[in-house]
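Participant:
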Amino acid sequence: MKTITFILAIAMISVSAMANNKKYNVATALTGKKAAVSIAENKVTSHYDRQGNLLATSRYISDAELPLYAITKLMKHCPDEQIKLVREFEAIGEKTYIVTLENATGYKVVKVTAADLEILEQLTKN
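In terms of mature numbering (1 follows the signal peptide of the UniProt record, and there is no 0), the sequence shown is residues -19 to -1, 1 to 107.
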């Protein structure tokens, strides 16, 4: 038990040291392509280029959080499908929704924007 406590204490100290190290954080931001933060049940991910400029953010949302235009398009084009997963992307002030749908015969992944609905992938159940 003392060994486990000692290992946990060392791990906490090293994580704290990395969090306070500005060189480490800048290097991670410049070489990394994304950073993720969990806020409640939504996982917010920020996507960066190599220079550290923010390109887009994404998060998982519930079907109740979809805007009316997205719900209307889904009801019109995919009436027999149930929403399983929704991911919202925001880039340059425009929101795009990637929605995974399911019915009795398979799955469908669609992209919904203010302008249109596009089917990205269709899978059949065995």
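Ideal Cβ placement from N, Cα and C applies to all residues, glycine included.
1. Contact defined as beta carbons within less than 8 angstroms: I believe K65 pairs with E83. What is the distance between those atoms, to the nearest angstrom?
2. Can you look up T53 in the DSSP assignment and give me helix, strand or coil?
3. Kindly give me the distance between the Cβ atoms of T81 and V90, rounded to whole angstroms, as I take these residues to be in contact under 8 angstroms.
4. Measure from the alpha carbon of L104 to the alpha carbon of each residue in K92, A72, T86, then state which is nearest.
5. Which value, in whole angstroms, describes the spacing of the CA atoms of V67 and S43?
Facilitator: So, from the data block:
1. Yes, K65 and E83 are in contact; Cβ-Cβ is about 5 angstroms, under 8 angstroms.
2. Taken through DSSP and simplified to helix, strand or coil, T53 comes out as helix.
3. Under the criterion of beta carbons closer than 8 angstroms, T81 and V90 qualify as touching, at roughly 5 angstroms.
4. Nearest Cα to L104 within the set K92, A72, T86: T86.
5. 6 angstroms
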